[in-house]
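Peer 1:
In my numbering, the protein residues as written are 23 to 281.
Quick look at the structure:
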């Protein structure tokens with residue numbers, strides 16, 4: 023219990039229990055649609071705690087659930103997906119590593135405004151009927167724009183999902199491979215971000231135990247969500263991802279504008 027003592031000494035028990043529930047819900051959403059654990063978790067936990075603490079708290083749950091997602095079909099399948107999109111993945115990971123230090127500099131309000139505005143913008147475009155075709159999705163400029171955007175948002179709060187999902191939808195990647203590739207991208211990016219935050223101090227004696235504490239509810243929620251994902255049709259899957267983006271994005275934006 024001494025490992026978790028800083029958490030219980032600094033954060034009310036009621037807030038910890040709410041954070042556990044939020045992480046379970048975030049894990050469920052990730053299991054169902056293949057992404058969005060960071061968005062849902064930051065949207066909820068960030069309403070209870072400062073942004074830097076919320077960002078740090080999701081690091082380990084996100085990394086382990088992404089490991090599960092990436093390797094669900096075996097290491098060979100994960101490696102195949104990685105090699106097929108290796109330059110795209112490398113671009114995202116490099117940008118995430120460069121942007122991650124800004125978390126310790128930006129204010130809570132600015133962090134949420136940037137995240138919420140970007141997430142909402144992407145989702146509303148899609149729900150309004152705009153969807154890049156496969157011809158555009160396969161261009162080099164689309165790969166660069168998506169990779170840089172995903173890296174920026176991923177570096178700020180592990181929210182790599184929106185740009186990656188829209189890019190893979192444009193490329194018409196099949197659902198199973200899309201989910202697997204998302205897990206690979208998110209995992210590699212998070213490993214870089216965790217390393218950076220270990221040096222910046224965002225991961226510290228308070229946030230590291232909190233992050234460990236949230237691993238179990240995240241994995242439990244993801245397990246429940248996977249049962250739903252396996253029953254989703256491709257179009258239903260696409261619409262579900264966009265609905266999740268809108269809800270999470272608007273809440274992040276509200277948090278940033280209203281405090």
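No residue lacks a Cβ here, since even glycine has one placed at the ideal position from N, Cα and C. Everything numeric in this text was worked out from a predicted model, so none of it was measured.
Report the rounded CA-to-CA distance for residue 46 versus residue 245, giving the unit in angstroms.
Peer 2: One C-alpha to the other measures close to 10 Å.
Peer 1: With three or more beta-carbon pairs closer than 8 Å as the criterion, would you say the region 33-43 touches the region 96-104?
Peer 2: no
Peer 1: Pick out the complete alpha helix (DSSP H) segments inside the region 39-100, 4 residues or longer, and give them in chain order.
Peer 2: 59-67, 73-79, 81-93
Peer 1: Does the distance from the C-beta atom of residue 283 to that of residue 156 stay below 9 Å?
Peer 2: The chain is shown only over 23 to 281; residue 283 falls outside these bounds and no answer can be derived.
Peer 1: Anyone know if the C-beta pair for residue 145 and residue 59 falls short of 9 Å?
Peer 2: Result no, Cβ atoms of residue 145 and residue 59 do not sit closer than 9 Å.
Peer 1: Say whether the region 82-95 touches the region 202-212, bearing in mind that this needs 3 or more beta-carbon pairs closer than 8 Å, one atom from each stretch.
Peer 2: Verdict: yes, contact present.
Peer 1: Nearest-angstrom Cα distance between residue 226 and residue 133?
Peer 2: 20 Å
Peer 1: Residue 216 to residue 73, Cα distance in whole Å?
Peer 2: If I take the Cα positions, the gap works out to 16 Å.
Peer 1: Can you tell me which of the three DSSP states residue 226 falls into?
Peer 2: Looking at residue 226 - three-state DSSP - the assignment turns out to be coil, as it is neither helix nor strand.
Peer 1: Name the residue from 232, 280, 274 whose alpha carbon lies nearest to the alpha carbon of residue 30.
Peer 2: 232
Peer 1: Can you check whether the CB of residue 278 is closer than 9 Å to the CB of residue 143?
Peer 2: Contact flag unset, no.
Peer 1: Kindly indicate which residue of 262, 206, 33, 76 has the alpha-carbon position closest to the one of residue 97.
Peer 2: Taking only the C-alpha atoms, the option nearest residue 97 is 206.
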